[in-house]
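Enquirer:
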Amino acid sequence: MDKIASELLVERLIDWGVDTVFGLPGDGINGIMEGMRRHAGRIRFVLVHHEEAAAFMATGYAKSTGRLGVCLATSGPGGIHLLNGLYDAKLDHAPVLALTGMQETQLLGTGYQQEVHLDRLFSDVVEYSAMVLTPAHLPTLVDLAVRHALARRGVAHLTIPVDLQTAPADEAPPGGPAPARPPASAAVFFEAPKVPGPDELRRAAEVLNAGEKVVILAGAGALGAREELLAVADQLASPIVKTLPGKAAVPDDHPLTTGGIGLLGTKASDEAMEGADTLFMVGTNFPYTKFLPKPNQVNVVQIEVDPTRAGVRIPTAVPLIGAAKETLGALSPMLSRNESRKFLAGIQAAMNKWRANMASLGNDTRDPIQPQRLMAVIDRLAANDAILTSDSGTIATWAARNFTVREQREFYLSGNLATMAPGMPYAIGMQVAHPGRQCIAFVGDGGFSMLMAEVLTAVGHDLPIKVFICNNGALAQILWEQMVLGYPEFGVREPAVGEFASFASANGALGIRVEKQEELEEAVRSALAHPGVSVVDVLVNPDEPPMPASVSYDQAKGFAQAFLRGQPRRSTIASTLFRDRLSILRGD
């Protein structure tokens, strides 16, 4: 059988170490699918039920491995469906390659069916995009696309006309007057230097050594630098505040960390930021600047791999352009040990109190089931190397506060796009990448229902993910945001609460519905122990607000105004808040 051009694509992906492609077939990529079939023993194709989920899976794969994630969609609507997941990859700096089909070259520009110029449509989301026009330069375009995705930690895109996909692999290009041969390259990538120069390191050390109340803010760029981060924090007597994408940078139960920051953060983190005289930002471009110290309050040192992002959020005295692990390792010998631990001790005392309060809410055994309780039970029973994925919304609050990163646990969510529905596709992509680990999706009913067909993807490909649905029958984050603005809720509660366990059971997964507190622990235990896909649908208190660690006057005022203007269910909301406070006071 003669080799076709699509085989050049597939073979080059294999040369780059790609082992999995997530996608959905269509008549615009039949040639690529044939190339995949001919090499099915060397590369895996994961058939999904929606292209958006394919992009999320590729993004989750990339986030959890650092390697290239690859997704595939047909021309026109298939490629369009990829966009949301690709923007998630772009904004969270995950290396992803999107492959799409295109109409026959002889029909381009004629308005043929499904003719959407995806190379133009994708222009804002990609670091690199090209249309393949001849088999001869296909391997080189793959090389360039992969290098751009890896080097710039973003999205690359190749679109391939359907006639070219099945053209003979050795078909000669038409040629022309340019003094050049057809391109030839290799599947090789060399990373840029990861450590700043010695002068920059010395300047950073001077600023940090002069600080008396240094606070570290660690983000996703600090993942993989745990030992170095803890060592530097100990030298500087610095509490480590973590952004939510950086939650797994250091263990949540370590005495040096205060957990999260912002609306989903801790009271101890608020106090650390308020008291700091020096801020050391490690691998983060945290956008919510209201939660950072005022610019004239602190001296700032920032480790950042991209020089264009250094100093964007707050004026930075010393930007260190490099990778967190290597830069911290080079900086540590230049730092003096801060023998004054008073500031750190005060923050640690505040954090101990916060942990006790969160434990009280997580141990609350009243009905209806509190969402914190659900997360706390999962946290207690999950493996010490579990990977937890979360959707966006109030679900992220409960994961941030009640899932404990310890030992080799990891945590992922859509950090900057904050899109709904990536939780389960992430878990599927990560289960492909980490077949021996427990991959858990902690999702809301709103996000789950958007891409719930991917349960069939997990079942069909024997990917034993565990899905826990925090079912409150509402788009709860928007509900509480409306109230904080002083508006009674509107259009955010579902007219019918979904029942998802039966759907799971009917499609080959273990489906469990939990409505009462006494059913919860056994359901979680059974789901985690099940050898296949499990879906636990838990009815939780729909009136539990995700209260910020520090309530501002404006927030309290808006809440009160919403009540006065006719907020529905205000009595049950007030009762929930009262009982939450009682649980904390009693130390349940």
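Using the working numbering, the letters of the sequence shown map in sequence onto residues 2 to 589.
Built from N, CA and C at the ideal position, the CB exists for glycine as well.
1. If I follow the unbroken beta strand (DSSP E) through Val47, where does it start and stop?
2. Look at the alpha carbon of Leu230 and the alpha carbon of Ala223, and state the distance between them as a whole number of angstroms.
3. What three-state label does DSSP hand Ile30 in the structure shown?
4. Can you find at least 3 beta carbon pairs, one from the segment 538 to 552 and one from the segment 471 to 482, that sit closer than 8 Å?
5. Tell whether a beta-carbon distance below 8 Å holds between Ala383 and Ile441.
6. Mind checking who Lys467 pairs with in its DSSP beta bridge?
7. If you follow the alpha helix (DSSP H) that Phe560 is in, where does it begin and where does it stop?
8. Can you check the segment 296 to 333 for any alpha helix (DSSP H) of at least 4 residues that lies completely inside it and give the ranges in chain order?
9. Alpha carbon to alpha carbon, what distance is there between Ala419 and Leu380?
10. How should Gly176 be labelled, buried or exposed, when 16 other C-beta atoms within 10 angstroms of its C-beta is the threshold for buried?
11. Suppose you measure from the CA of Gln409 to the CA of Glu516; what does that come to, to the nearest Å?
12. Taking all protein chains shown into account, decide if His158 is buried (16 or more other Cβ within 10 angstroms of its Cβ) or exposed.
13. Between the C-alpha atoms of Glu545 and Gly487, what's the straight-line distance to the nearest angstrom?
14. Looking at the structure shown, is Lys591 part of a helix, part of a strand, or coil, going by DSSP?
15. Below 8 Å between beta carbons: does that hold for Ile15 and Arg43?
16. Within 10 angstroms of the Cβ of Met425, are there 16 or more other Cβ atoms? Answer buried if so, exposed if not.
17. Checking 8 Å against the spacing of the C-beta atoms, do Thr60 and Gly67 come in under that value?
18. Kindly indicate which three-state DSSP category Val493 falls into: helix, strand or coil?
19. List the endpoints of the continuous beta strand (DSSP E) containing Phe23.
20. Quick one, are the C-beta atoms of Leu264 and Pro543 less than 8 Å apart?
21. Take Ala95 and list the residues in its own chain whose beta-carbon comes closer than 6 Å to its own, dropping the five residues that flank it on each side.
22. Would you call the segment 475 to 483 and the segment 501 to 516 touching, i.e. three or more CB-CB distances under 8 Å?
23. Suppose the cutoff is 7 Å on Cβ atoms and the five residues either side in sequence are ignored; what does the same chain contact list for Pro252 look like?
24. Taking contact to mean at least 3 C-beta pairs separated by less than 8 Å, is the segment 95 to 113 in contact with the segment 147 to 163?
25. Counting along the chain, where does the alpha helix (DSSP H) carrying Arg227 start and finish?
26. In terms of alpha-carbon separation, which member of Ala54, Thr21, Asp555 and Trp399 lies closest to Met453?
27. Name the one or two DSSP bridge partners that Met282 has.
28. Hey, out of Arg227, Met34, Leu578 and Asp235, whose CA is closest to Ala557's CA?
29. Pick out the complete beta strand (DSSP E) segments inside the segment 85 to 162, 3 residues or longer, and give them in chain order.
30. Assign Ala427 to one of two classes, buried (16 or more other C-beta atoms within 10 Å of its C-beta) or exposed (fewer than that).
31. Check whether the segment 111 to 123 touches the segment 168 to 183, taking contact to mean three or more Cβ pairs, one atom from each stretch, closer than 8 Å.
32. Going by CA-CA distance only, name the one from Phe287, Val498, Pro489 and His50 that's closest to Arg571.
33. Given a cut-off of 8 Å on the beta-carbon distance, is the pair Leu281 and Ile322 in contact?
34. Quick one: what does DSSP say Thr395 is sitting in, helix, strand or coil?
35. So the candidates are Pro372, Ile262 and Ala74; which of them puts its Cα closest to the Cα of Gly247?
36. So Leu202 and Leu332 are supposed to be a Cβ contact under 8 Å. How far apart are they, rounded?
Expert: Here's the rundown:
1. As a position in the sequence shown, residue 47 is number 46, starting the count at 1. Arg45 to Leu48 is the span of the beta strand (DSSP E), which, as asked, contains Val47.
2. Residue 230 sits at position 229 when you count from the first residue of the sequence shown. Residue 223 sits at position 222 when you count from the first residue of the sequence shown. Those two C-alpha atoms are separated by around 8 Å.
3. Counting from one through the sequence shown, the residue named residue 30 turns up at place 29. Correct three-state label for Ile30: coil.
4. yes
5. The residue labelled residue 383 in the question sits at position 382 within the sequence shown. The residue labelled residue 441 in the question sits at position 440 within the sequence shown. Cβ atoms of Ala383 and Ile441: closer than 8 Å.
6. Within the sequence shown, numbered from 1, the residue matching residue 467 stands at position 466. Note: Lys467 sits in a beta bridge opposite Ile441 and Ser535.
7. The residue you call residue 560 lines up with position 559 of the sequence shown. Where Phe560 is concerned, the enclosing alpha helix (DSSP H) stretches over Tyr554 to Leu565.
8. 325 to 332
9. Looking up residue 380 in the sequence shown gives position 379. Looking up residue 419 in the sequence shown gives position 418. What sits at residue 380 in the sequence shown is Asp, not Leu. Answer to the nearest angstrom: the Cα atoms are 23 Å apart.
10. Position 175 of the sequence shown, counted from the start, is the residue given in the question as residue 176. Exposed is the call here.
11. Residue 409 sits at position 408 when you count from the first residue of the sequence shown. Residue 516 sits at position 515 when you count from the first residue of the sequence shown. One C-alpha to the other measures close to 32 Å.
12. Taking the first residue of the sequence shown as 1, we reach residue 158 at position 157. Flag for His158 reads buried.
13. Taking the sequence shown and counting its residues from 1, one reaches residue 545 at position 544. Taking the sequence shown and counting its residues from 1, one reaches residue 487 at position 486. If I take the Cα positions, the gap works out to 18 Å.
14. Past the edges of the chain, shown from 2 to 589, lies residue 591, and the structure says nothing about it.
15. Sequence index remark: in the sequence shown, residue 15 carries index 14 (1-based). Sequence index remark: in the sequence shown, residue 43 carries index 42 (1-based). Taking 8 Å as the Cβ cut-off, Ile15 and Arg43 qualify as a contacting pair.
16. As a position in the sequence shown, residue 425 is number 424, starting the count at 1. So Met425 ends up on the buried side.
17. Walking along the sequence shown from the start, residue 60 turns up at place 59. Walking along the sequence shown from the start, residue 67 turns up at place 66. Not in contact: Thr60 and Gly67 (Cβ atoms no closer than 8 Å).
18. The residue you call residue 493 lines up with position 492 of the sequence shown. The answer is coil: DSSP assigns Val493 none of H, G, I, E or B.
19. Here residue 23 refers to the residue found at position 22 when the sequence shown is read from its first residue. Run containing Phe23: Thr21 to Gly24, per the beta strand (DSSP E) assignment.
20. Reading the sequence shown from its first residue, position 263 is the one you call residue 264. Reading the sequence shown from its first residue, position 542 is the one you call residue 543. No, these two residues do not count as a Cβ contact at 8 Å.
21. Numbered from 1 along the sequence shown, position 94 holds the residue referred to as residue 95. Counting only Cβ-Cβ distances below 6 Å, and skipping sequence neighbours, we find Thr60, Ala63 and Lys64.
22. no
23. To locate residue 252, count along the sequence shown from 1; it is residue 251. These residues qualify, in order along the chain: Val406 and Arg407.
24. yes
25. As a working note, residue 227 is residue 226 in the sequence shown. Segment Arg227 to Leu237, the alpha helix (DSSP H) holding Arg227.
26. Position 452 of the sequence shown holds residue 453. Per the Cα distances, Ala54.
27. Residue numbering aside, residue 282 sits at position 281 when the sequence shown is read from its first letter. In DSSP, Met282 forms a bridge with Leu218 and Gln303.
28. By 1-based counting over the sequence shown, the position of residue 557 is 556. Of Arg227, Met34, Leu578 and Asp235, the residue nearest in Cα terms is Leu578.
29. 97 to 103, 127 to 132 and 156 to 162
30. Taking the first residue of the sequence shown as 1, we reach residue 427 at position 426. Checking the displayed sequence, the identity of residue 427 turns out to be Tyr instead of Ala. Answer is buried; the Cβ neighbour count reaches 16.
31. no
32. What you label residue 571 is simply residue 570 of the sequence shown in a count that begins at 1. Nearest of Phe287, Val498, Pro489 and His50 to Arg571, Cα basis: Pro489.
33. Indexing the sequence shown from 1 puts residue 281 at position 280. Indexing the sequence shown from 1 puts residue 322 at position 321. At residue 281 the sequence reads Phe, which differs from the Leu that was named. No, they are not a contact pair.
34. Looking up residue 395 in the sequence shown gives position 394. In this structure, Thr395 counts as helix in the three-state DSSP scheme.
35. Taking the sequence shown and counting its residues from 1, one reaches residue 247 at position 246. The residue with the shortest Cα to Cα distance from Gly247 is Ile262.
36. Your numbering for residue 202 matches position 201 in the sequence shown. Your numbering for residue 332 matches position 331 in the sequence shown. Between Leu332 and Leu202 the Cβ distance is about 5 Å, and since that is below 8 Å, they are a contact.
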